[in-house]
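Quick mapping for you: the protein sequence lines, in order, are chains A and B.
For the first sequence, our numbering gives the first residue as 6, with consecutive numbering after it.
For the second sequence, our numbering gives the first residue as 6, with consecutive numbering after it.
Take a look at the structure set out below.
There are 2 protein chains.
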Amino acid sequence: PRDRSALPAYLVTHNHWFYSLDLFAALLLLSLATIEQPAVFHVRRAGGGARLVELFGLFLVGISIVMQLRWLGPRTFLTHRRSAVKGLVTWIVMLIDAVVVISRNKTHFRVTRAMRPIFMVDNRYLGGVRRFLRQILQSLPPIMEMLAILFFILLIFSTLGFYLFSPNQEDPYFSTFSQGFVSLYVLLTTANFPDVMMPAYAKSRWSAAFFIAFLGVSLYFIMNLMLAVVFVVFSDIEKEKFRKLLVHKRRACQYAFRLLVTCSQPSQVSFRHFHGLLRFFRPGTSDRDAFLIFKALNRSENGRLTRNEFYNIYDMCGYAWRTQVPPPPWFNGLPGPIRGCCYLIRRLIKWKWFDYFIYFIIIVNALVLITHTIILSTANIPITHDLHVTWDQITVVALYSVEALLKIIGMGPWHYFRSGWNVWDFAITALALGGIVAEEFADSFFYIVILRPLRLLRLFRVRKRYHAVFQTLVILLPRIVSAIIIIIITYYFFAVVGMEVYSQYDMKNCCVNTTVEQFYKEDNSTLYPDFYFLNNFDNIFMAGVTLFELTVVNNWFIIMEGYVAVTSEWSRLYFMVFYLVMMVVMSVVVAFILEAFTFRMEYNHTVLGDAVDGVSLK
Amino acid sequence: PRDRSALPAYLVTHNHWFYSLDLFAALLLLSLATIEQPAVFHVRRAGGGARLVELFGLFLVGISIVMQLRWLGPRTFLTHRRSAVKGLVTWIVMLIDAVVVISRNKTHFRVTRAMRPIFMVDNRYLGGVRRFLRQILQSLPPIMEMLAILFFILLIFSTLGFYLFSPNQEDPYFSTFSQGFVSLYVLLTTANFPDVMMPAYAKSRWSAAFFIAFLGVSLYFIMNLMLAVVFVVFSDIEKEKFRKLLVHKRRACQYAFRLLVTCSQPSQVSFRHFHGLLRFFRPGTSDRDAFLIFKALNRSENGRLTRNEFYNIYDMCGYAWRTQVPPPPWFNGLPGPIRGCCYLIRRLIKWKWFDYFIYFIIIVNALVLITHTIILSTANIPITHDLHVTWDQITVVALYSVEALLKIIGMGPWHYFRSGWNVWDFAITALALGGIVAEEFADSFFYIVILRPLRLLRLFRVRKRYHAVFQTLVILLPRIVSAIIIIIITYYFFAVVGMEVYSQYDMKNCCVNTTVEQFYKEDNSTLYPDFYFLNNFDNIFMAGVTLFELTVVNNWFIIMEGYVAVTSEWSRLYFMVFYLVMMVVMSVVVAFILEAFTFRMEYNHTVLGDAVDGVSLK
């Protein structure tokens, strides 16, 4: 806060209610895309409603900006780049735009809508997303340089390709220089291979060398190099951040230590002062834990902490302390016979053959399920939606339910639901149970019944290594979610632009006399229609699916060529830029997964004492 | 060697002549595939000739096996697994097979030919390839486990897909369980996306979720996880090897040290003994260098080495020593005026504007070349093979030649050709010069003229970072070559199998009434024919191109479905196994490039003192 007068605004803005309000406003603005033209849900008078909702959302965001302005002061506010961009530029532009739309009472070309995710990213809860964005920005310079190499190689090969293949009249891919460039750009994604090679290959077998050389250099070498460069930059950034965090903590420790020492003992801290600190720093710590932390920190065991000992406070506070004697089971307070029963159950579920039995059941269930499916498939019985539940399925679900019940009783609900695997088991079992029960009354629960195979995922509990993989997955989950949000935001941006530009075109039976004509045909002339006209920008969700297809890259050029045929050559820009952006985002995501995993696995190695490096080298 | 009597055989086998002979025999055997049925080169009486050459090659390999047997002794030979496999199993089998073919005088189904690369890998010069193979084998277990997960997810999704989509009559991709499995297997490679989704998507927009979930989990998550696992295993193996090497060197140092000390000074080595060691260990070392190494090792500067100082001998011997005063230029001995001239040239090429001028010329040349190509392309002038050389091209080539000449004179030929960049410059310039000169006499040198764009690669000299990338590339070259040899050997194996099984089928106009019919059509009914019938196994090179197409993965299922249509469902096995094998090899190659690059870059960081970690943490 700037000064005392700004404090109320500071306090108002920094609490969970306000953050949630801000997030709600951002989500509200984002969700507008579903009812604005071109809309997913055709609400009556949607245009006017959307405008009102938009103004409301902007008003909410405006409140948070004003508040921030209050407590930061206008000068700091302007120098804080993110706030300035969000507040003064985006917000004002969007407000003006919204007002203009309302006053003119009809929509115009509104690309400002693509800016909406900015409010979303700015939210307090999305710190991980911002960090990810920052990392993408930081790894941009080396990526750009690799892209320059790539572009350069592309130019060389398209010049070469033009001279080599353009004399061939049957080759539509290299007829002009720009056509050759586009063909090779698409070939970079492998999407038109081997088609792009075939006409030249039909003429001379040697032309295969050109394409193999191009793919070898650009795809297999440069692309991997790019991944390597991003990976190195990524892990450097991570290391640097880690170092900064450590330095930061160290400095905090020094400040705290200076406050805690008394005049009589200027270099040591007593337990009394230490305990006082813990009461502020970590209010939930019990007296016992505080004492244990103190004991653990105090290596010299003289009852007073030196500064070097004090430095470890962050680590020590991170540990959870467990008494050596396990706490009595929850059912200890129950009357005699029930308690005895519970003890028996507890011993049963701790028995190793109990687990083996469950695994056996799962495997048998899996085999039966797959055999059943195969029989159903080969017998050519049409699958109807009132597929009746067989008795074996009911038996198995009953067994699962009993197992879950026994475990809950034996371990106590609290302990049972602390393990993610148990929660998964429970959810699947409950779903299956619900599905079976529901099916007795109606046959509309078809979709729950076919979720059965998901139960097979329980098999992953069997092997230790999968355990490790899934554990890592759980630990990485927050950052994976950040990555997904980044991808969704990128999609949103491109989807809005795509909708504004392309939603007016109908792709059905388009592109006559182009190479992609057959994909867009909708008549009975082909045996299996291709339905490519569905890959359009008609509403935000269909645009999302189309963009996902572009992300997967396979056959993306068919979508591109389709829109090029109905609009102009400039449409390529949109698709090519999207590919480049997604390539950057994806390579950062891959580098991140690699980084996180290698770090995690090396951590496992070090901490769990595989001790490869344990042999003394020096 | 086993004992003294085996020494002659040992000496005979361990020299470069013998290795070369062995390699020649292996290559000879491999190259047989070009003239055997189905042949690339149709030589008259090729069958008989091939048999003779084969026997000759096997005879040569046999010699090396016998020699090895001599010096190793039968017992050691049998316990040395690689030798045993190579000699006793493969060789005998192949010999029998060859003899049988000759006696029956017609070829039969000979898959043993696929075993030929074994002799190749066994050659002394291909140690890098064997190391690579070993690394692939070592990273197999974790890959297998990840593949198991993948297979499992595939099963779950195909069950789900069967229940969800088989009621849709228009969906050919999920009509049966096995069809669904194949479709999802292909989808794993993205090769049939979005086609596989479109029929279901046309029916219900929600079905996109199924495919997005499948691709998200299997392609984007599990595949990257696999890469991460391979990467971790790979770098662990590298670290372990490095450690072993260090321990090995350390032990060698200890032995050497024990031999070098005298009785009077049991813990220190004098320069005289050290010099004696160097004369054996590194015969080329001059007296001056030996003294310098000794001085560098002797940190305590007392004229005698302790053991700890001695340990650094490997590092110290790796350094090249350069006198502070540069050696006099080569032209110092020439008569006066020429020498003066040479000094002027030397000063000219060291002048920084000289380099800038050359870069300027290259960029202008590049721009002119591309503009020229674009003009040619838009003007729609047919490119004839007697493309005449324009004057600007001649000027530029002349400039390049002068530059190369000046540099050779100024730096001396020895220094000039020591830099890889200069060699590249020289080669390209010489080629261009040769092309222009040749074109004056005949117009068949078209292909040299169109190699012009390669000169643009000189532009990479401009930026420092590209320098680093290319340097790394040069350092990694031997191992990249190993990787390429591994891939070629894998191709060879699959190509021979493919030729034996599939070369009898003609794919032209095949596959009527299947989904891939149109790709194999050869008539004038389509605007642009697809020529997929050329992706066959008619000879070893065409099989190689086909396998490359399968490696690139895009549209590989079209080739698979084609052969399934003309043979049987079991053909899928060949293609699916090939995909799995290539995926494993490719992920190891990618992991290797990643590993090598990150290592190299971190090395640069550390050695060149970017000093990120320089700040004291503790």
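Just so you know, even glycine gets a beta-carbon here, dropped at the ideal spot from N, CA and C.
Test item: CB-CB of residue i and residue j under 8 Å
| i | j | result |
| --- | --- | --- |
| residue 568(B) | residue 507(B) | yes |
| residue 99(B) | residue 131(B) | no |
| residue 571(A) | residue 512(A) | yes |
| residue 96(B) | residue 67(B) | yes |
| residue 227(B) | residue 151(B) | yes |
| residue 309(B) | residue 270(B) | yes |
| residue 562(A) | residue 197(A) | yes |
| residue 521(A) | residue 574(A) | no |
| residue 602(A) | residue 233(B) | yes |
| residue 525(B) | residue 516(B) | yes |
| residue 471(A) | residue 161(B) | no |
| residue 540(A) | residue 551(A) | yes |
| residue 164(A) | residue 378(B) | yes |
| residue 85(B) | residue 74(B) | no |
| residue 138(A) | residue 366(A) | no |
| residue 553(A) | residue 204(B) | no |
| residue 30(A) | residue 59(A) | no |
| residue 57(B) | residue 121(B) | no |
Under 9 Å from the C-beta of residue i: neighbouring residues of chain B
| i | result |
| --- | --- |
| residue 181(A) | 379, 382, 383 and 385 |
| residue 370(A) | Those do not exist, as residue 370(A) stays about 12 Å from chain B at its closest Cβ, beyond 9 Å. |
Chain-order list of residues whose beta-carbon lies under 6 Å from that of residue i (same chain, five-residue window excluded)
| i | result |
| --- | --- |
| residue 622(A) | Because the pLDDT at residue 622(A) is just 35, under 50, the model does not fix this residue reliably, and the value given afterwards should be weighed accordingly. Hits under 6 Å: none found. |
| residue 69(B) | 27 |
| residue 188(A) | 178 and 201 |
| residue 370(A) | 401 |
| residue 617(B) | Confidence at residue 617(B) is low in this model, with a pLDDT of 38, below 50, so its placement is unreliable and no value can be given for it. |
| residue 278(A) | 265 |
| residue 542(A) | 503, 504, 507, 508 and 548 |
Chain B residues whose Cβ lies nearer than 7 Å to that of residue i
| i | result |
| --- | --- |
| residue 213(A) | 550 |
| residue 504(A) | Within chain B, no residue comes near residue 504(A); the closest Cβ sits about 16 Å away, beyond 7 Å. |
8 Å Cβ shell around residue i - same chain, five flanking residues per side excluded
| i | result |
| --- | --- |
| residue 254(A) | 319 |
| residue 314(B) | 302, 303, 304 and 305 |
| residue 600(B) | 236, 239, 240 and 243 |
| residue 620(A) | Because residue 620(A) carries a pLDDT of 36, less than 50, the predicted location of this residue cannot be relied on, and no value is offered for it. |
| residue 359(A) | 353 |
Close beta carbons around residue i, own chain, < 7 Å, minus the five adjacent residues each side
| i | result |
| --- | --- |
| residue 135(B) | 126 |
| residue 282(B) | 261 and 265 |
| residue 17(B) | 23 and 72 |
| residue 404(A) | 366 |
Partners in chain A for residue i, counting only beta-carbon separations shorter than 8 Å
| i | result |
| --- | --- |
| residue 200(B) | 535 and 560 |
| residue 206(B) | 536, 539 and 550 |
| residue 23(B) | Under the 8 Å cutoff, chain A gives no residues; its nearest Cβ is about 34 Å from residue 23(B). |
| residue 557(B) | 195, 198, 199, 220 and 224 |
Closer than 7 Å at the beta carbon, the chain A residues around residue i
| i | result |
| --- | --- |
| residue 540(B) | 199 |
| residue 553(B) | 217 |
| residue 167(B) | 378 and 382 |
Chain B contact residues for residue i, given Cβ-Cβ distances below 8 Å
| i | result |
| --- | --- |
| residue 471(A) | 150 and 154 |
| residue 521(A) | Within 8 Å Cβ-Cβ: nothing; residue 521(A) doesn't reach chain B, min ~11 Å. |
Are at least three pairs of beta-carbons, each pair with one atom in the segment 546 to 554 of chain A and one in the segment 205 to 221 of chain B, less than 8 Å apart?
-> They touch, by the three-pair rule.
Counting only runs that start and end within the segment 179 to 262 of chain B, where is the alpha helix (DSSP H) found for 4 or more residues in a row?
-> The qualifying runs are 182 to 193, 203 to 208 and 212 to 219.
Could you tell me whether the segment 166 to 174 of chain B touches the segment 232 to 247 of chain B, where touching means 3 or more Cβ pairs closer than 8 Å?
-> Segment contact: the segment 166 to 174 of chain B against the segment 232 to 247 of chain B, fewer than three CB-CB distances shorter than 8 Å; contact not assigned.
Do three or more CB pairs link the segment 217 to 227 of chain A to the segment 579 to 590 of chain A at distances below 8 Å?
-> As far as the Cβ criterion goes, the segment 217 to 227 of chain A does not touch the segment 579 to 590 of chain A, which means the pair count is below three.
Any alpha helix (DSSP H) of 4 or more consecutive residues that is wholly inside the segment 519 to 555 of chain A = For the segment 519 to 555 of chain A, whole alpha helix (DSSP H) runs of length 4 or above, ordered along the chain, are 522 to 525.
Write down every uninterrupted run of the alpha helix (DSSP H) in the segment 107 to 151 of chain B whose length is 4 residues or greater and which is fully enclosed by it, in chain order.
-> Listed in chain order, they are 122 to 126 and 132 to 143.
Would you mind listing the alpha helix (DSSP H) stretches within the segment 351 to 408 of chain B that are 4+ residues and don't spill past its ends, in chain order?
-> As far as the segment 351 to 408 of chain B is concerned, its whole alpha helix (DSSP H) runs of at least 4 residues are 357 to 383.
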